[in-house]
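Peer 1: Just passing along the structure, written as structure tokens.
2 protein chains.
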Amino acid sequence: MISTDLPARVDVAVVGAGLAGLAAAERLRAAGASVVVLEARDRVGGRAWSETLGKARFDRGGQWIGPGQDRLAALAERMGVAQFATYSTGQKLLDDGAKVRRYAGEIPSLGPIELLQLHLALRRIDKLTARVSARDPLATPDAAALDARTVADEARRLSPRVRGVFDVAIGAIFGVDPAELSLLWFLAYLRAGGGMMNLSTIEGGAQERRFVGGTQTIAERWSERLDAPVVTAAPVRRIAQQGADLIVTSDRGKVAARSVVVAVPPPLTAAIEMSPSAPARDQLVQRAAMGAIVKVVIAYERAFWRERGLSGEVVSTRGPLAVLFDNTSSDGAQPALVGFVQASPARRWNGDTAPIVAQLVRWFGDDARTPLAIVTTDWSAEPWSRGCPVAVMPPGALTMAGTTLRQPVGRVHFAGTETAVEWTGYLEGALESGERAAREVVREL
Amino acid sequence: MISTDLPARVDVAVVGAGLAGLAAAERLRAAGASVVVLEARDRVGGRAWSETLGKARFDRGGQWIGPGQDRLAALAERMGVAQFATYSTGQKLLDDGAKVRRYAGEIPSLGPIELLQLHLALRRIDKLTARVSARDPLATPDAAALDARTVADEARRLSPRVRGVFDVAIGAIFGVDPAELSLLWFLAYLRAGGGMMNLSTIEGGAQERRFVGGTQTIAERWSERLDAPVVTAAPVRRIAQQGADLIVTSDRGKVAARSVVVAVPPPLTAAIEMSPSAPARDQLVQRAAMGAIVKVVIAYERAFWRERGLSGEVVSTRGPLAVLFDNTSSDGAQPALVGFVQASPARRWNGDTAPIVAQLVRWFGDDARTPLAIVTTDWSAEPWSRGCPVAVMPPGALTMAGTTLRQPVGRVHFAGTETAVEWTGYLEGALESGERAAREVVREL
């Protein structure tokens, strides 16, 4: 339950009340441990964050669930949060800067040679992905060579228009430009999520369904039912060994714990003072960096795009929005779209929504000119996330440190979707990581 | 002067009493501003840190000065710190794991084909370097392509033994493996320091001379003479805009300033809470990461290597030490060697010096078996540096953010050798950056 009282002593202190931290806390309570969850924000959920806009509650953060995300599906059911299908009926649009084209299917409308090129590139990535283990990417035979290259270098032979579409897909998945990604880490990430197409698509893919009332509802109900205090507005500043105890210092005071689970994104762990220090992990954490995403929810009176046979899905190689989806509420009462400004344009984001409305008019005509409301969420400006959707790894980091990210340092354990080996970077991965961290701690209780 | 009293209000608060911060503070005082310097450690100097070992004071951090580092030379003279030549008389050794070979000159003893290969690789790097501006690397015609590649990828065709020597050179300059470096950033860095050979060599190069009594002496005397308080043990946690003031919160209390100069390595700025937040800079800073170096000073009774016609210089492609230099005190009273464990082996460092002594015996014989003392400094475990010698940039970071690292955010300015355009990463660069930041602040006073 949400609380303002920090206990003086617990078996396990969990840092972060996102899905990873809550998963660890629940498992640890079930194993009989006393637990406190410390959360920096004044709300739970982390990258799951929902707010009311017009006639419905929308997600400012993670919002989709797809096939194979079984932990998340089971949890949502347990919390009484229903799912509904992401709207995808109708044609899609590709805006390559010069022209807006309609298309059907999963691959944007390119010329036949470009289409072939994109198919071959995706097939090559699929082949490479199949050779990499998500759990141990360094076991790949040419791991060091793959880790010495970037995804941009792998894609360098694509024609400009195909490259544009490819870059949009990378930006949508990671919030970064392809030059920022280690090819090896990228392949391991794809492997953990079932491949590039699986991560990019709606039907049968990672964007297939949404949650009625928003994703944060799951975290809110879970926190309420948790038989342990969840102390909000309690950013953790320091974790210090003192005899057999770990002293966790937060802005709400100190708690002594036997073990700690840190369940926040890697770049945020870098701001927690560790005593003794953990230099090997710190060197890796310095290299993990969050992507940049500005999520834009646009509410309208009518879902006019549907009336025109359009699904609302757009891929645009010209910014600010790079991708767009239908985002109407489950009951249809609040028509809406959701788009993403991603990677470099997200880092230059100045809050001006006029260019976004201009894009929407270009795609859908005059009906798009007068939204009921536009809500933008610049995740890079969120001090307790520092970016979204996930922390990525540059070249050399895996070779240098392998799986260090999820290795405990003494009795300090690490969760968070970045440490997952299934659906890394997704809500599902957060749950998997929290369960794994709890298992580690139970063994040492 | 060193002080424990934090003033309530100043014109400029400088964060960090390394050479960059002190350079900024002195310039700002000269311009009539009231100044306080806040230093996290209980000493000044930052990466300049000297301690007595046997009969002399040695450097645990930066210790060399070379031609073209004019600011540093002038400052040392002003502070009454003399220079002396790094000992380099005699032959050098190359240990390729299989065999130890003697050689003379700057390039290790390889076979004729390998030598040709290394020369060609270095010439290619020189040619590429000449095309890149240190001040504006993004102005290079193929900047994005160079920034999408790593230095390891550039070096992938070298034979294993040549590659081994190349990797040692990269590790010595940056404390990282070549796969971690953006090729574009690497070239800009070389350009700022006069090229790869210049950074790698003793005579005529960046390791040409040393300071009598250690580099930190310069920072200590400078702090004493500075007409402004230097408050130590005062780590800065927060910089918050409040009306026209910036409120700087440290562990020693708060100070209100009109402007702030942050003169600490980029990864450390990530741990300072900024209000309002600076997301664009934060995204870049998340990607800047410190190298890893364990500096090892070994004191002996006699400089036995000199007696055998050896300079003490060793290049070893087998660890833990990768490079070694003579490090005898200026008066010859305390014979010594200095070596570096670098990059990945530094990250695995467990404090065991026995393998290092075994290396020294392999190179110099039984005389090396009984050092008077060995002092190791693991810079990755230093919480107020988090690595050494410098923060490096992975692929994509420059393309994403260009020169953002040295761009002010409001009235918060940034110094530190990583923000320099001359001798980036060196003590000289620290001075250049501090002067530049002071000029920026003076314009807004």
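Going down the list, the sequences are from chains A and B.
Residue 194 in the working numbering sits at position 193 of the first sequence, with consecutive numbering throughout.
Residue 142 in the working numbering sits at position 141 of the second sequence, with consecutive numbering throughout.
We treat Cβ as the ideally placed atom computed from N, Cα and C, and that holds for glycine.
Treat the numbers as computed from the prediction; the structure is a model and nothing was measured.
#1: By the criterion of Cβ-Cβ separation under 9 Å, what are the contact partners of G388(B) in chain A?
#2: Are the beta-carbon atoms belonging to V1(B) and L29(B) less than 9 Å from one another?
#3: Would you say L247(B) lies against chain A (beta-carbon separation less than 9 Å)?
#4: So that I know if they touch, is there some Cβ in chain A lying closer than 9 Å to that of D168(B)?
#5: So, is E429(A) buried or exposed, given that buried needs 16 or more other C-beta atoms within 10 angstroms?
#6: Assign M197(B) to one of three DSSP states: helix, strand, or coil.
#7: Assuming L447(B) contacts R72(B) under a Cβ cut-off of 8 Å, what Cβ separation, rounded to an integer in Å, is found between them?
#8: Taking its Cβ as the centre, do 16 or more other Cβ atoms sit within 10 Å of E383(A), making it buried, or is it exposed?
#9: Look up D368(A) in the DSSP assignment and say whether it is helix, strand or coil.
#10: Check whether the region 298-311 of chain A touches the region 372-382 of chain A, counting contact only when three or more Cβ pairs, one atom from each stretch, lie closer than 8 Å.
#11: Could you name the residues that DSSP lists as bridge partners for H414(A)?
#12: Could you have a look at K56(A) and say whether DSSP puts it in helix, strand or coil?
#13: Consider the Cβ of R211(B): report whether some Cβ of chain A lies at a distance smaller than 9 Å.
#14: Measure the alpha-carbon distance for I3(A) versus A41(A) and round it to whole angstroms.
#15: Tell me, to the nearest whole angstrom, how far the beta carbon of P230(A) is from that of D6(A); I am working on the premise that it is less than 8 Å.
#16: Between the Cα of L185(A) and the Cα atoms of T377(A), W424(A), A144(A) and L311(A), which residue gives the shortest distance?
#17: Quick one: is F167(A) buried, meaning 16 or more other Cβ sit within 10 Å of its Cβ, or exposed?
#18: Tell me which residue opens and which closes the beta strand (DSSP E) that K93(B) is part of.
#19: Per the DSSP calculation, W65(B) is bridged to which residue(s)?
#20: Determine which residues of the region 331-365 of chain A have a Cβ less than 9 Å from any Cβ of chain B, and write them out in chain order.
#21: What residues from the region 364-381 of chain B come within 9 Å of chain A, judged by C-beta to C-beta, listed N to C?
#22: Under three-state DSSP, which class holds Y104(B)?
#23: Is there a Cβ from chain B that is less than 9 Å from the Cβ of D43(A)?
#24: Who are V298(A)'s beta bridge partners in DSSP?
#25: Please say whether F59(A) and S330(A) have beta carbons closer to each other than 9 Å?
#26: Once you ignore the five residues that flank R239(B) on each side, which residues in its own chain have a CB closer than 6 Å to its CB?
#27: For G310(A) versus G19(A), is the C-beta distance shorter than 9 Å?
#28: Leaving out five residues before and five after P86(A) in sequence, what residues of the same chain have Cβ atoms less than 6 Å from its Cβ?
#29: Taking Q284(B) as the reference, which of L200(B), A272(B) and T377(B) has the closest Cα?
#30: Where does I243(B) land, buried or exposed, given buried means 16+ other C-beta within 10 angstroms?
#31: Quick check on the burial criterion: 16 or more other C-beta atoms within 10 angstroms. Buried or exposed for G112(A)?
#32: Along chain B, which residues have their Cβ under 8 Å away from the Cβ of T400(A)?
#33: Buried or exposed: which applies to D96(A), given that a residue is buried once 16 or more other Cβ atoms fall within 10 Å of its Cβ?
#34: If you compare alpha carbons, which of E423(A), T405(A) and A290(A) is closest to F415(A)?
#35: When Cβ atoms are compared, which residues of the region 127-155 of chain B fall closer than 8 Å to chain A?
#36: Could you name the residues of the same chain whose beta carbon sits closer than 7 Å to that of R150(B), not counting the 5 residues immediately before and after it, in chain order?
Peer 2: The structure says:
#1: P280, D283, Q284 and Q287
#2: Only positions 2 to 446 of chain B appear in the structure, and residue 1(B) is not among them; the question remains open.
#3: Cβ-Cβ to chain A under 9 Å: no for L247(B).
#4: no
#5: buried
#6: helix
#7: Because chain B in this structure spans residues 2 to 446, residue 447(B) falls outside the shown range and cannot be described.
#8: That one is buried.
#9: helix
#10: Taking 8 Å as the limit for Cβ pairs, the verdict is that the region 372-382 of chain A does touch the region 298-311 of chain A.
#11: V262(A).
#12: Coil at K56(A), not helix or strand.
#13: no
#14: Each residue's alpha carbon lies about 13 Å from the other.
#15: 6 Å
#16: A144(A)
#17: buried
#18: Q92 to D96
#19: R211(B)
#20: A344, S345, A347, R348, R349 and W350
#21: Interface annotation for the region 364-381 of chain B against chain A: D379, W380 and S381, criterion Cβ-Cβ distance under 9 Å.
#22: strand
#23: no
#24: V339(A) and V376(A)
#25: Yes; because the gap between Cβ atoms is below 9 Å, this pair is in contact.
#26: T250 and E274
#27: With contacts defined as CB atoms closer than 9 Å, G310(A) and G19(A) fail to qualify as a contacting pair.
#28: The identity of residue 86(A) in the sequence shown is Ala, whereas the question assumes Pro. Closer than 6 Å at the Cβ level, and outside the excluded window around A86(A), lie R210.
#29: A272(B)
#30: In the sequence under discussion, the amino acid at residue 243(B) is Gln, which differs from the Ile named in the question. It is exposed - the Cβ of Q243(B) has fewer than 16 other Cβ atoms within 10 Å.
#31: exposed
#32: D178, A180 and S345
#33: buried
#34: T405(A)
#35: A145, A146, D148, A149, R150, T151, A153 and D154
#36: L184 and P396
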